[in-house]
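Step one of this worksheet: look at the structure below.
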Amino acid sequence: DTTQRVSGTQKILFLKLLKATSQRTNLPLWDLMMKNVYALKTRDGYALSSVQPADFKLNVLYEEPSLGQKRFLPEGDRQGAPLISLLNLDRLNARNDPLPDGVFDYVEGFTVISNQARIIFPLLEPFGRDLDTIAFINSPQEIRNKYVFYPLYDTIKEIAKTYANLDRYIISGSAKGSNTSEISLGAFNVPVGSVTVTAGGQILKENIDYTIDYNLGQVKIINQAILNAGLPVNVQFENNASFGIQQRNFMGLRLDYMAKNTEKESFSIGASVVRLGERPFFTKTSYNDDPIKNTMYGLDFSYRAEVPRLTRWLDKLPFYTTNEVSTITAYGEAAALKPGHPAQIGKGDAGLIFLDDFEGTRNSIDLRFPLVNWGLASTPGGNGLFPEAELTNDPAYGYNRARLAWYNIEPVLQDRRGVNNPVRGYQDFTDPRVRIIEVKQLYPQRTADYGQAQLVTFDMAFYPRERGPYNFDTRAGSVQNDGKLANPRNRWGGIMRGLDQVDFETGNVEFIEFWLQDPFLKDPALGVNGGQLYFNLGNISEDILKDGKRFFENGISGAVTKTLEDTATIWGKVPGNPIQVTQAFSNDPADRPLQDAGLDGLDD
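At position 358 of the sequence shown (counting the first as 1) the number is 345 in our numbering, and the numbers step up by one without a gap.
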């Protein structure tokens, strides 16, 4: 019981559910995670939102190699016993008596959470340690290695799935449930009227059975009878790519020449030319989506003449008399097609179509963008290079920080022919540190799209002899008389940013790819000693001025707005309230200069 009364006052124990920021098995939180709850899904992979006890059936099966699925384990101490009983999912009969009956025990809150469509195993590791204890306690180790799925609980899901010899347990069954009434089409800007929705083979009516957001590509079933019946809903639609804009040109020319036109004879010739051309939006064109530039040529003639002599010949036939003048009419035409393609995918006959360039099989995270995601780094710790990283609320924490600048060069400033470019010196355009880097220089075989021939570089300028931000080192021997830092080889500068994809195994992130220009290209003599570039991945402290307190600029006092400030820090000012209510500065103009003051909260 989490509540009790003491002197008439109710004591309440507050609990919190914890969730790790990343799936790391070496964290203490990993052992506290519940690994015995499974969400029910359909065969198509759609998650159910709820289930009903009526007609609910569930079984746990083992797929034996080459012998199919079985309800029991073929080896072990409990050979032949149903898995559903071994895993404590069958301990009661239909009357809730403690007698197993071979049927899954549907006990709300214990084995099933109906409103979430989840199954709960009464064991912490049903296919791991608990299965080992129940079914293989007296079995040899080679038998245990075949059936006990320990990697399911001591590794993340993506790694556990690689153990194909152990990943043979199946949760199977049938249930009446429900899922969301909204269906995502996975496409945007769907053409109006192009969507066809059917349920059980019957075509549904828009705004009666369903509604659709053509911009977002969302279909919502509003006919409750269809949802209650559980009929499979099928949606067919025409997919317009987000930027699937293709320019088409159609031109035609028709020429007719009447060579002769009399009452008794006429002769004309004609010529036609028709061209259909398509301009691709991208220079990379997939098979079956290739643009055309076809030209069709046609020639035709028409001849008509009266033949009185033919009429007289026909009149000589018995039982035949003609009353009209006989005519001869001839008509003929010929056409030829000249296929072609636009110059955007290749000149002449060298059109280039991609069967598969395998770019879709590679997902990358471009760390260059957005640039504003990068910020000043905290002192790197845990590597033995900078022991001051372990200090807290100590100025020595930043003693070795040197000056580092990071930026993107505006393409306008690199365009030598640009009328809006204020740079006019030729030397500025040839300097390897600021010049244009083209795609062809790094990837000679890559076909660049229009407007993307130039690479946007991520530039960093490191000055190991210049004092970095929040470096208040005044020790003798650390700073020279001219203000420069001594011992530049012991200095560092760093930046950091967050990543949305923190599970590298699930995201299949395998390596970091980057091109680094020699920083000593202009003066190789300076690069004798060189430097070192480090990439640190993982949980990195965001406490740039390390004092264990949360700082945000709009939380400190201004000239007019006064707030509570924490004085227990040596760095400057820290808001007394660690909760940031808004993301904006004070509306009073007089407060802005005092709030927009940097990470220490102190103006110059």
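By construction, the Cβ of each residue, glycine as well, lies at the ideal position given by its N, Cα and C atoms.
* Pull up the distance between the alpha-carbon of Leu297 and that of Thr316, whole angstroms please. => Rounded to the nearest angstrom, the two C-alpha atoms are 14 Å apart.
* Counting along the chain, where does the beta strand (DSSP E) carrying Ala317 start and finish? -> Ala317 -> beta strand (DSSP E) spans Thr314 to Lys325.
* Taking buried to mean at least 16 other C-beta atoms within 10 Å of its own C-beta, is Asn248 buried or exposed? -> exposed
* Let me know if Asp575 comes out buried or exposed under the rule of 16 or more other beta-carbons within 10 Å of its beta-carbon. => Only exposed fits Asp575, as fewer than 16 other CB atoms lie within 10 angstroms of its CB.
* To do: Could you check what DSSP says for Lys(-2) in three-state terms: helix, strand or coil?
  => strand
* Under the three-state reduction of DSSP, which class applies to Phe449: helix, strand or coil? -> strand
* Asked: What residues in its chain sit with their C-beta under 6 Å from that of Phe24, if we drop five residues either side in the sequence?
  -> Checking the sequence, you will find Val at residue 24 rather than Phe. Arg105 and Ile107, listed in sequence order.
* Asked: So, helix, strand or coil for Ser229, using DSSP?
  -> Unreliable placement is indicated for Ser229, whose pLDDT of 47 sits below 50; no coordinate value is reported for it.
* To do: Could you check which residue in Val489, Pro511, Trp558 and Leu372 has the C-alpha nearest to that of Asn526?
  => The option with the nearest alpha carbon to Asn526 is Val489.
* To do: Tell me whether the beta-carbon of Val261 lies closer than 9 Å to the beta-carbon of Met238.
  => yes
* To do: Give every residue of the same chain whose Cβ lies closer than 6 Å to the Cβ of Ser159, excluding the five residues on either side of it in the sequence, and list them in chain order.
  => Asn46 and Leu48
* **Straight-line gap, Pro267 to Asp336 (C-alpha atoms, nearest Å)** => 17 Å
* To do: State the Cα-Cα distance for the pair Leu363 and Val515, rounded to the nearest angstrom.
  => 28 Å
* **In DSSP terms, what Lys44 is bridged to** => Looking at the DSSP assignment, Lys44 forms a beta bridge with Ser161.
* Trp300: buried (16+ other C-beta within 10 angstroms of its C-beta) or exposed? -> Trp300 should be labelled exposed.
* Asked: How about the segment 565 to 584 and the segment 544 to 553: do they share at least three Cβ pairs that are nearer than 8 Å?
  -> yes
* To do: Could you check the C-alpha separation between Tyr197 and Leu27 for me, to the nearest Å?
  => Here the alpha carbons of Leu27 and Tyr197 stand approximately 26 Å from one another.
* Sort Tyr93, Leu2 and Leu520 by Cα distance to Asp605 and report the nearest one. => This structure does not reach residue 605, given that the chain is present from -12 up to 591, and the question cannot be answered.
* Nearest-angstrom Cα separation, counted from Phe341 out to Pro278 -> Taking the straight line from one Cα to the other gives about 12 Å.
* With 16 as the cutoff for other CB atoms within 10 Å, does Ser161 come out buried or exposed? -> By the 10 Å Cβ count, Ser161 comes out exposed.
* To do: State yes or no: is the C-beta of Leu242 within less than 9 Å of the C-beta of Tyr284?
  => For the pair Leu242 and Tyr284, the CB atoms are not nearer than the 9 Å cut-off.
* To do: Return helix, strand or coil for Trp361, following the three-state DSSP convention.
  => coil
* Are the segment 303 to 317 and the segment 459 to 477 touching by the rule of at least three beta carbon pairs closer than 8 Å? -> no
* **Uninterrupted beta strand (DSSP E) stretches inside the segment 506 to 580 (no shorter than 3 residues)** => Positions of the beta strand (DSSP E) runs, each at least 3 residues long and wholly inside the segment 506 to 580, cannot be given because no such run exists.
* Asked: Which class does Glu169 belong to by DSSP, given the choice of helix, strand or coil?
  -> Residue state, collapsed to three classes: strand.
* Would you mind giving the Cβ-Cβ distance between Pro451 and Ala389, rounded to the nearest angstrom? I have them listed as a contact below 8 Å. => That pair is a contact at about 5 Å.
* Is DSSP giving Lys207 helix, strand or coil here? -> Assigned with DSSP and collapsed to three states, Lys207 falls in strand.
* Distance, Gly455 Cα to Trp479 Cα -> Trp479 and Gly455: Cα-Cα distance of roughly 9 Å.
* To do: Evaluate Tyr318 with the Cβ neighbour count: other Cβ atoms within 10 Å of its Cβ, from every protein chain shown; 16 or more gives buried, anything less gives exposed.
  => exposed
* Asked: How is the alpha helix (DSSP H) around Ile130 delimited, first residue to last?
  -> Gln128 to Tyr134
* Tell me, please, which residues DSSP counts as bridged to Ser273. => Phe341, per the DSSP bridge assignment.
* Can you give me the Cβ contacts of Asp436 inside the same chain, cut-off strictly under 8 Å, excluding the 5 residues immediately before and after it? => Phe269, Thr270 and Lys271
* Is the distance from the Cβ of Gly115 to the Cβ of Tyr140 below 9 Å? -> Yes.
* Nonlocal neighbours in the same chain, by C-beta distance under 6 Å from Ser229, ignoring five residues either side -> Unreliable placement is indicated for Ser229, whose pLDDT of 47 sits below 50; the coordinate value is still reported in the next sentence. Taken in chain order, the residues that qualify are Phe175.
* Asked: Beta carbon of Tyr394, beta carbon of Asp446: below 9 Å?
  -> Contact annotation: Tyr394 and Asp446 have beta-carbon atoms nearer than 9 Å.
* Run through DSSP, which three-state label would Asp587 get? -> Coil, per DSSP.
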